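Heads up: the structure comes next, in structure tokens.
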Amino acid sequence: MRSGFLALMGGSILVSSILASSILCAVALPAKAEPVRKVIELFTSQGCNSCPPADRLAAQMAREPGTVVISLPVDYWDYLGWKDSFASPVFTARQRAYSKARGDMQIYTPQAVIDGIAHAVGSERDAIEAAAAASRAPEVAITDTLNGDQLRIDVAAGPDAGKQAKVWLVPILSAASVAISRGENAGATVTYTNVARELRKLGDWDGGARKFDVSAAELRKLGADSAAVLLQADSGGLPGRILGAAIVKLK
Numbered sequence: 001m002r003s004g005f006l007a008l009m010g011g012s013i014l015v016s017s018i019l020a021s022s023i024l025c026a027v028a029l030p031a032k033a034e035p036v037r038k039v040i041e042l043f044t045s046q047g048c049n050s051c052p053p054a055d056r057l058a059a060q061m062a063r064e065p066g067t068v069v070i071s072l073p074v075d076y077w078d079y080l081g082w083k084d085s086f087a088s089p090v091f092t093a094r095q096r097a098y099s100k101a102r103g104d105m106q107i108y109t110p111q112a113v114i115d116g117i118a119h120a121v122g123s124e125r126d127a128i129e130a131a132a133a134a135s136r137a138p139e140v141a142i143t144d145t146l147n148g149d150q151l152r153i154d155v156a157a158g159p160d161a162g163k164q165a166k167v168w169l170v171p172i173l174s175a176a177s178v179a180i181s182r183g184e185n186a187g188a189t190v191t192y193t194n195v196a197r198e199l200r201k202l203g204d205w206d207g208g209a210r211k212f213d214v215s216a217a218e219l220r221k222l223g224a225d226s227a228a229v230l231l232q233a234d235s236g237g238l239p240g241r242i243l244g245a246a247i248v249k250l251k
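What the sequence shown shows, in my numbering, is residues 1 to 251, in sequence order.
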């Protein structure tokens, strides 16, 4: 495990807006929803030699029913001789926001954040499973319909009216292999699973049903073939428990 503290430029996470598009298509493809029992966000880095075992575990867990896995590459180890080709300061800021919300300021790689509230070393399956078992599973249903290049996302009503939460869209590349020629992982080829390409806020949620229209073509331009949708409790701008989640296919 590689640990460290970081200073972020700016103070806020920049998110892109979603532009809806109106596209005619003959056939709508409804998603087959699998109830989500746990959400694992893996903060990883191509420049950290402790991360490849966690990246392999992420691939295994992503294949398990009811599990949403997102890899979020951070940029604070880029100075070690290799610049992570997927890293973003937005993902680093999200990791820092999680640590602030927990109040422990523990920021390291590989770090798995489970259901938005607990963390564990990303290569330790038992610790991740224990954290997931101790947390409340996401209970708000999220479904989608892909109609050509138009993606409709439906977030159901929840049990707690008035609860403050945000709906996030994370375009992802389901699998990507990177040959690393310098730094701590020099000579290794590492395969990443569900690699985040951006973090976008779709809107707010207060317990009532919401619908969002998204251009799937726009997401594909980022190299994404899927997207994760997260309904996440919000407390003063800090991320909280994951209330609902889904993986959306863009093809």
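Built from N, CA and C at the ideal position, the CB exists for glycine as well.
These figures come from a predicted structure and were not determined experimentally.
| query | result |
| --- | --- |
| Take Ala58 as the anchor and find which of Val39, Tyr76, Asp75 and Val74 has the nearest alpha-carbon. | Val39 |
| Just checking: is the beta-carbon of Val178 within a distance shorter than 8 Å of some beta-carbon in chain B? | No chain B appears in the structure shown, which is made up of a single protein chain. |
| Measure the Cβ-Cβ separation of Val69 and Asn194 and say whether it is below 8 Å. | yes |
| Taking the alpha carbon of Tyr108 as the point to measure from, which residue in Glu64, Leu42, Leu80 and Phe86 has its own alpha carbon closest? | Leu42 |
| Are the stretch 208 to 224 and the stretch 152 to 159 touching, with three or more C-beta to C-beta distances below 8 Å? | yes |
| Is the beta carbon of Asp225 less than 8 Å from the beta carbon of Leu202? | no |
| In the DSSP output, which residue or residues are listed as bridge partners for Thr67? | Lys38 |
| Rounded to whole angstroms, what is the Cα-Cα separation between Trp85 and Leu72? | According to the sequence shown, residue 85 is Ser rather than Trp. Each residue's Cα considered, the two are about 12 Å apart. |
| Using three-state DSSP, classify Gln264 as helix, strand or coil. | Given that the chain is displayed from residue 1 to residue 251, the structure contains no residue 264 and the question cannot be resolved. |
| Are there 16 or more other CB atoms within 10 angstroms of the CB of Lys166, so buried, or fewer, so exposed? | buried |
| Exposed or buried, what is Ala28 when buried is set at 16 or more other beta-carbons lying within 10 Å of its beta-carbon? | Interpretation of Ala28 is limited by its pLDDT of 39, a score under 50 that renders its predicted location unreliable; no figure is taken from the coordinates. |
| Could you please give me the residues that DSSP links to Arg152 through a beta bridge? | Thr145 and Asp213 |
| Just verifying my parser: in three-state terms, what is the DSSP assignment at Val248? | strand |
| Grouping DSSP H, G and I as helix and E and B as strand, with all else coil, what is Tyr76? | coil |
| So, with DSSP's three-state summary, where would you put Gln46? | coil |
| For Ala97, I'd like the list of residues in its chain whose CB is within less than 6 Å of its CB, leaving aside the five on either flank, ordered along the chain. | Leu238 and Pro239 |
| Could you give the DSSP three-state label for Gln111: helix, strand or coil? | strand |
| Put Gln232 into one of helix, strand or coil per three-state DSSP. | strand |
| Are the Cβ atoms of Ile242 and Gly116 separated by less than 8 Å? | yes |
| Go ahead and label Asp332 buried or exposed: buried means 16 or more other beta carbons lie within 10 angstroms of its beta carbon, across all protein chains shown. | Summary: the structure shown does not reach residue 332, with the chain confined to residues 1 through 251, and so no result is reported for it. |
| What's the C-alpha gap between Pro53 and Ser123? | 6 Å |
| Check each candidate in Ser45, Asp126 and Ile247 and name the one with the smallest Cα separation from Leu169. | Ile247 |
| In terms of DSSP beta bridges, what is Ser177 paired with? | Thr191 |
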